[in-house]
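Worksheet: one structure, shown below.
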Amino acid sequence: MIEPVTMPMPAAPRTIEEARAILAQDHGPRLTLMEVCGTHTSAIAASGLRALLPTSVRLVSGPGCPVCVTPSSYIDRLCELALQPGHLVLCFGDLIRVPGHHSSLSEAMAGGGQVRMIYSPLDALKVCQDNPNLTIVMAAVGFETTAPSYALLLKRAIAGDIRNLRLLTALRRMPPALDLLCAADNAIDGFLAPGHVSAILGSKAYEPFAAQYHKPFVIAGFQPTEVLIGIARLVQLCRREKERQAEDDLADDRDWSEIVENLYPAIVRPEGNPRAQAVLAEVFRYEPAVWRGLGEIDESGYRLAGDFAAYDAGPLEAGIEQELPGCKCGDMMLGRLEPRDCPLFGKTCRPDHPVGPCMVSSEGVCGIHYRYSEQGY
Amino acid sequence: MCLAIPARISQLLDNHLATAEYNGNGMTVEMGLVEAEVGDYVLIHAGCAIERIDPAMAADIFEILKELGA
Amino acid sequence: MLIQLSHGGGGGATAQLVQSVFAGRFKNPYLQRMEDSAVIDLNGPLAYTTDSFVITPLFFPGGDIGRLAIAGTVNDLLMMGARPRFLTAGFILEEGLAIADLERIAESMAQAAAEAGVELVAADTKVVEGKGGLYINTSGLGPIDSLHPVRANLAQPGDAILVSGPLGDHQACIMSQRMGIQNGIQSDVAPLNGPVRALLDQGLAVHCLRDATRGGLTTVLNELAATSGCAAELEEAAIPVRPETRALCEVLGLDPLTMANEGKFVAIVAAEAADQALDILKQCPQSAGACRIGTMTAGSGVILNTRIGGRRRLNIPWYEGLPRIC
Chain A
1 MIEPVTMPMP AAPRTIEEAR AILAQDHGPR LTLMEVCGTH TSAIAASGLR
51 ALLPTSVRLV SGPGCPVCVT PSSYIDRLCE LALQPGHLVL CFGDLIRVPG
101 HHSSLSEAMA GGGQVRMIYS PLDALKVCQD NPNLTIVMAA VGFETTAPSY
151 ALLLKRAIAG DIRNLRLLTA LRRMPPALDL LCAADNAIDG FLAPGHVSAI
201 LGSKAYEPFA AQYHKPFVIA GFQPTEVLIG IARLVQLCRR EKERQAEDDL
251 ADDRDWSEIV ENLYPAIVRP EGNPRAQAVL AEVFRYEPAV WRGLGEIDES
301 GYRLAGDFAA YDAGPLEAGI EQELPGCKCG DMMLGRLEPR DCPLFGKTCR
351 PDHPVGPCMV SSEGVCGIHY RYSEQGY
Chain B
1 MCLAIPARIS QLLDNHLATA EYNGNGMTVE MGLVEAEVGD YVLIHAGCAI
51 ERIDPAMAAD IFEILKELGA
Chain C
1 MLIQLSHGGG GGATAQLVQS VFAGRFKNPY LQRMEDSAVI DLNGPLAYTT
51 DSFVITPLFF PGGDIGRLAI AGTVNDLLMM GARPRFLTAG FILEEGLAIA
101 DLERIAESMA QAAAEAGVEL VAADTKVVEG KGGLYINTSG LGPIDSLHPV
151 RANLAQPGDA ILVSGPLGDH QACIMSQRMG IQNGIQSDVA PLNGPVRALL
201 DQGLAVHCLR DATRGGLTTV LNELAATSGC AAELEEAAIP VRPETRALCE
251 VLGLDPLTMA NEGKFVAIVA AEAADQALDI LKQCPQSAGA CRIGTMTAGS
301 GVILNTRIGG RRRLNIPWYE GLPRIC
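Residue numbers (the working numbering), protein chains in the order written: chain A, 1 to 377; chain B, 1 to 70; chain C, 1 to 326.
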């Protein structure tokens with residue numbers, strides 16, 4: 001392969017100062033970078049990082065909030081179960097205030113529903129043992145970071161002969177969504193990949209996307225320093241990639257793994273966590289799943305399989321997600337828009353009366369932007 | 001989707017559990033997804049260890065955490 | 001022995017409960033008169049406040065609901081530049097509450113009252129059905145005798161923003177108890193007479209005082225900035241949080257700047273008084289960790305300059321933070 005005469009690979013920034021210098025000196029046609037993890041969205045907002053971005057870099061959020069992409073019908077079903085005698089719903093704090101079509105779990109509690117907040121899926125085991133007369137329904141929401149813990153919960157339940165546990169699942173897989181994002185007409189030049197999902201999947205998981213779509217991926221951790229360095233590195237890789245593509249350097253034998261950069265090597269290995277992957281394969285199968293704002297994506301949901309299906313709290317009826325007039329969440333999640341571009345943001349759509357999924361959870365992109373905006377909470 | 005902390009395994013318990021410690025905070029965690037010994041550092045998410053932290057590279061993470069006053 | 005509904009009947013059982021639990025611990029001429037009301041003789045402007053306490057667990061590292069009930073109301077008076085003098089306490093006991101626990105709580109209240117130099121002059125108990133819970137309401141009265149007025153609308157651009165010590169410990173302690181996380185975090189619950197009176201008795205130009213209780217530093221500063229018609233600009237690196245508390249917040253996904261404290265306050269003082277105010281605070285045990293965290297400026301809201309050189313607003317959250325995994 002002939003080494004191109006354009007930019008060699010620049011050295012990655014290692015400090016806050018180096019990262020800030022890269023951003024301050026960036027110029028050229030505007031780059032659009034996307035982060036796809038709600039925890040990154042939060043970290044970016046909390047660290048005030050946007051104040052350090054040049055006008056040549058636009059940073060958008062993807063569908064990285066698992067609560068936000070969960071259909072309203074899921075919350076409705078949980079509330080129904082909570083109000084059913086002989087049932088107790090367990091969920092994380094993230095889910096308790098999210099509204100369905102009619103109410104949130106918090107409101108169902110106020111109306112006599114049995115709901116308890118837990119911190120770990122494995123806490124469910126003790127609740128099952130302490131309450132043998134109740135059916136314990138675990139609200140299983142999350143991406144690959146959390147899915148293996150639910151899988152482990154079920155294996156422990158079977159080993160302990162626990163029969164009163166059920167899972168109502170809304171677990172989602174990132175790669176099929178990434179495929180949609182890469183293929184969509186949304187002008188994304190590169191991705192900040194989620195550090196902890198990557199711990200499970202492995203850094204190699206992004207290489208097929210880099211090779212097919214020719215977009216750089218940088219895997220970063222969640223401390224403000226790590227996110228800042230990650231974004232600066234992504235800017236470097238995207239600029240270099242643009243130059244190489246301008247020179248038609250899309251040769252088949254190009255090593256696309258060079259534009260997948262792992263800045264979190266202490267935790268993310270090329271192959272990920274094989275044990276976690278094995279337990280996922282044992283307990284779940286893939287199925288098409290609906291992502292609020294994006295529609296149905298093939299193979300993007302985890303469903304209990306084989307013997308584990310006995311613990312399924314039942315498939316959700318294909319609930320019709322109500323059409324929300326004027327809602328721009330679909331475009332938002334594809335990175336075509338930012339919150340301030342949505343005419344409803346801050347006016348008819350606010351945290352206390354959300355219209356679409358991006359605002360429903362305080363960890364959704366609009367919920368976060370609103371929280372850090374001039375208006376408020 | 002990804003809140004997790006790096007903690008040190010201080011004691012292995014029965015039933016695939018362990019005690020892990022993060023800056024003075026001790027908690028009981030599930031170990032079924034990793035192989036780790038007392039003294040190892042693991043990444044903990046929602047009460048489960050989801051990956052072992054490579055000790056050769058762990059220094060970086062703790063440097064950053066120290067810098068940030070954690 | 002447990003509280004039963006009969007303890008609330010107003011007859012002999014009630015009298016005996018009041019006698020054994022409360023009377024011996026709160027000996028003062030007002031209570032001993034056993035009248036329907038206390039008669040207080042005070043002149044001048046008075047600060048008058050009330051608060052209710054519903055915390056669980058009832059006992060936690062660093063304190064209990066009784067200590068909290070005294071300190072909370074005493075501190076509200078201190079924040080107005082008042083000298084706390086008299087408190088009342090109303091108790092709602094659920095049947096099933098252990099009388100030994102009630103005695104411990106009463107003892108703790110007596111101790112806190114002595115620390116704060118206040119007298120409990122009126123009290124009441126009621127018993128309701130339940131599972132052993134306890135709720136306390138206290139009200140407080142004290143003359144305002146600070147040299148300069150201390151009010152929420154007196155902050156000005158240029159004023160220094162001081163905080164009396166590390167933040168987030170009380171709520172971090174409670175969350176740790178509830179979520180089963182072991183650590184050495186203690187609630188900071190304490191009456192703040194020492195540091196507050198030290199500042200005021202020196203006649204320093206203290207413009208605002210507010211204890212950072214529910215909603216934490218963020219809520220206090222937003223309220224003071226809004227009422228005073230200016231903005232607060234903070235340096236993240238200067239805001240004190242104990243490493244253990246910060247770590248607990250990272251474990252549970254909480255923000256120490258919005259978490260409740262029960263023994264910390266914000267002081268907004270004239271720029272020229274800042275150094276002396278800090279010196280005074282650092283000499284008091286309850287405010288040994290005092291430091292300056294920012295400056296009032298023209299504008300509105302609260303702005304945070306972050307450790308990585310970023311900048312963002314610090315807004316009041318709509319809801320209290322719950323532990324999260326995302």
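We treat Cβ as the ideally placed atom computed from N, Cα and C, and that holds for glycine. Just so it is clear, the structure is predicted and the values come from calculations on it, not from any experiment.
- Listed in chain order, the positions of the stretch 66–80 of chain C with a beta carbon within less than 9 angstroms of a beta carbon of chain A would be empty, since no residue qualifies.
- At a Cβ-Cβ threshold of 8 angstroms, His101 (chain A) and Ser72 (chain A) count as neighbours.
- Going by beta carbons, Val67 (chain A) and Ser361 (chain A) fall inside the 8 angstroms limit.
- Residues of chain A with a Cβ closer than 8 angstroms to the Cβ of Arg313 (chain C) are, in chain order, Tyr372, Ser373, Glu374.
- Of the candidates C:Cys326, C:Asp145, C:Arg313, C:Gly301, C:Asp145 places its Cα closest to the Cα of Leu199 (chain C).
- With respect to Val260 (chain A), Tyr213 (chain A) sits apart: the two C-beta atoms are not nearer than 8 angstroms.
- Setting aside the 5 residues that flank it on each side, Ser108 (chain C) is surrounded in the same chain by Asp64, Gly66, Arg67, each with a C-beta closer than 6 angstroms to its C-beta; the list follows chain order.
- Taken atom to atom, the span from the alpha-carbon of Asp341 (chain A) to that of Lys347 (chain A) is near 12 angstroms.
- Contacts with chain C at 8 angstroms (Cβ-Cβ) do not include Gly32 (chain B).
- The alpha-carbon separation between Cys326 (chain C) and His207 (chain C) amounts to approximately 40 angstroms.
- Along the stretch 18–50 of chain B, going in chain order, the ones with a CB nearer than 7 angstroms to a CB of chain C are Tyr22, Asn23, Gly24, Asn25, Gly26, Met27, His45, Ala46.
- Pro148 (chain A): member of the alpha helix (DSSP H) spanning 147–159, first to last residue.
- For the C-beta of Arg97 (chain A), the chain C residues within less than 7 angstroms are, from N- to C-terminus, Tyr319.
- With fewer than 16 other Cβ atoms inside 10 Å of its own Cβ, Ser10 (chain B) counts as exposed.
- For Val98 (chain A), there is no enclosing beta strand (DSSP E), as DSSP gives it neither H nor E.
- Put simply, the CB of Leu3 (chain B) is near chain A, with a gap under 8 angstroms to one of its CB atoms.
- Contact between the stretch 111–120 of chain A and the stretch 78–92 of chain A is present: 3 or more CB-CB pairs across the two stretches fall below 8 angstroms.
- Inter-residue distance for Tyr319 (chain C) and Ser103 (chain A) is about 17 angstroms (C-alpha atoms, whole angstroms).
- Contact of Val279 (chain A) with chain B is assigned, a C-beta pair being separated by under 8 angstroms.
- DSSP places Glu258 (chain A) within a helical segment (H, G or I) once states are collapsed to three.
- Contact check for Ile316 (chain C) against Asn222 (chain C) passes: the beta carbons are separated by less than 8 angstroms.
- A direct Cα-to-Cα measurement between Ser56 (chain A) and Met34 (chain A) gives close to 14 angstroms.
- Contact between the stretch 152–159 of chain C and the stretch 115–129 of chain C is absent: fewer than 3 CB-CB pairs across the two stretches fall below 8 angstroms.
- Counting along the chain, the unbroken alpha helix (DSSP H) around Pro175 (chain A) starts and ends at 174–183.
- Exposed is the label assigned to Val54 (chain C), since fewer than 16 other Cβ atoms lie within 10 Å of its Cβ.
- Residue-level contact check: Asn305 (chain C) does not touch chain B, since none of the beta carbons of chain B fall below 8 angstroms from its beta carbon.
- At a cut-off of 8 angstroms between C-beta atoms, Gly93 (chain A) counts as an interface residue with respect to chain C.
- With a 10 Å radius around the Cβ and a threshold of 16 neighbouring Cβ atoms, Thr56 (chain C) comes out exposed.
- With at least 16 other beta carbons inside 10 angstroms of its own, Pro216 (chain A) counts as buried.
- By the criterion of a C-beta distance shorter than 6 angstroms, Ala157 (chain A) is surrounded in its chain by Leu165, once the five residues flanking it on both sides are discounted.
- With a minimum length of 4 residues, the unbroken runs of alpha helix (DSSP H) contained wholly in the stretch 275–349 of chain A fall at 329–333.
- The C-beta separation of Pro357 (chain A) from Cys329 (chain A) comes to about 5 angstroms, placing the pair in contact by the 8 angstroms criterion.
- When C-beta atoms of the stretch 260–274 of chain A are compared with those of the stretch 35–53 of chain B, three or more pairs fall below 8 angstroms, so the two segments count as touching.
- Across the structure, Asp298 (chain A) and Ala183 (chain A) are spaced so that their CA atoms are roughly 14 angstroms apart.
- In terms of beta-carbon proximity, Ile53 (chain B) lines the interface with chain A, with at least one pair separated by less than 8 angstroms.
- Exclusion of the five residues before and after Ala210 (chain A) leaves Pro216, Phe217, Trp256, Ser257, Ile259, Val260 as the residues of its chain whose Cβ lies within less than 8 angstroms of its Cβ.
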